[in-house]
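Student: Numbering (my numbering), first residue to last: 4 to 209.
The structure follows.
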Ligand SMILES: C[S@@+](CC[C@H](N)C(=O)[O-])C[C@H]1O[C@@H](n2cnc3c(N)ncnc32)[C@H](O)[C@@H]1O
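Below you can see the structure in the form of structure tokens.
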């Protein structure tokens, strides 16, 4: 399985935003692009991807959204037939944010859940589950120099337009999370997602 965490310091944490003005909602437009690049390829959806999103903006941070459409038992019937637009995805985020409740993990639909959890706690839990975690960073180790078994079934953290705040990076460093790079160019978050997916596709991970 391919697993990603998208971190956004300013993404809105309540459903009361305008789907026609996602930039104003703490750049939820970028979160939507990440979802598209995470799950969609031409003519079908990826069923082996789990995406976590940490939103840290107002008014109810932190929020952890988890999306694993491949877990949905009806997935086999719907994949290949979905005509999804960015606006549909914003509507899904909106619906999920309206369900956030303190102390509860809410399943909004099979494979889609939401809860109040912070970034470092999520990463710590994954490490305790034995997962290898990498932060995507231009100055990290080149992903092409990593062996297949070093990145297979790993978790990749991608920052938003402002990157990961220094305070969070310090905590991740203490947890032993390493930086990896997809090249010297600074890419959009969603482009970084596509490049990792391509790298994994070419290594033929299923
Ligand atoms: C638009 S960039 C963030 C730019 C931000 N000003 C910064 O300095 O981090 C969005 C995210 O994409 C990822 N990214 C962009 N270019 C990358 C590269 N060449 N290698 C690895 N990750 C990259 C990083 O995770 C980054 O946080």
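Glycine is no exception: its CB is placed at the ideal position from the N, C-alpha and C atoms.
Computed from a predicted model, the values in this text were never measured in an experiment.
Tell me whether residue 103 is buried or exposed, calling it buried when 16 or more other Cβ atoms sit within 10 Å of its Cβ.
Tutor: buried
Student: Measuring CB to CB, does residue 146 end up less than 9 angstroms from residue 185?
Tutor: yes
Student: In its own chain, which residues sit with a C-beta less than 6 angstroms from the C-beta of residue 40, not counting the 5 before and 5 after it?
Tutor: So the qualifying residues of the chain are 193, 196, 197.
Student: With hydrogens ignored, establish whether the beta-carbon of residue 184 is closer than 8 angstroms to any heavy atom of ligand 1.
Tutor: yes
Student: Please specify which runs of the beta strand (DSSP E), each continuous and at least 3 residues long, are wholly inside the region 89-171, giving them in chain order.
Tutor: 109-112, 115-118, 136-145, 158-162
Student: Are at least three pairs of beta-carbons, each pair with one atom in the region 155-165 and one in the region 103-119, less than 8 angstroms apart?
Tutor: no
Student: Starting from the C-beta of residue 143, find all residues in its chain whose C-beta is less than 8 angstroms away, skip the five residues before and the five after it, and write them out in chain order.
Tutor: Within the same chain, 137, 181, 182, 183, 184 come within 8 angstroms of residue 143 by CB-CB distance, once the 5 residues on both sides are set aside.
Student: Looking only at C-alpha atoms, which of 187, 74, 165 sits nearest to residue 59?
Tutor: 165
Student: Can you give the Cα-Cα distance for residue 133 and residue 127, rounded to whole angstroms?
Tutor: 10 angstroms
Student: Taking the alpha helix (DSSP H) that residue 40 falls in, what are its first and last residues?
Tutor: From DSSP, the alpha helix (DSSP H) with residue 40 extends over 31-42.
Student: Excluding the 5 residues preceding and the 5 following residue 17 in the sequence, name in chain order all residues of the same chain whose CB lies nearer than 6 angstroms to its CB.
Tutor: Hits under 6 angstroms: 62, 63, 100.
Student: Mind checking which residues open and close the beta strand (DSSP E) that includes residue 202?
Tutor: From DSSP, residue 202 is part of no beta strand (DSSP E) but of the alpha helix (DSSP H) over 192-205.
Student: Go ahead and label residue 140 buried or exposed: buried means 16 or more other beta carbons lie within 10 angstroms of its beta carbon, across all protein chains shown.
Tutor: buried
Student: Would you check whether ligand 1 has a heavy atom nearer than 8 angstroms to the C-beta of residue 187?
Tutor: yes
Student: Quick one: using the 10 Å Cβ neighbour count with 16 as the cut-off for buried, is residue 107 buried or exposed?
Tutor: exposed
Student: Does the separation of the CB atoms of residue 175 and residue 123 fall below 9 angstroms?
Tutor: yes
Student: How about residue 73 and residue 51: do their beta carbons lie closer than 9 angstroms?
Tutor: yes
Student: What is the rounded straight-line gap between the Cα of residue 168 and the Cα of residue 11?
Tutor: 9 angstroms
Student: CB of residue 141 to nearest heavy atom of ligand 1: below 8 angstroms?
Tutor: Under cutoff, so the answer is yes.
Student: Buried or exposed: residue 86, going by 16 or more other Cβ atoms within 10 Å of its Cβ?
Tutor: Low confidence applies here, because residue 86 scores a pLDDT of 44, under 50, leaving its location unreliable and the question unanswered by this model.
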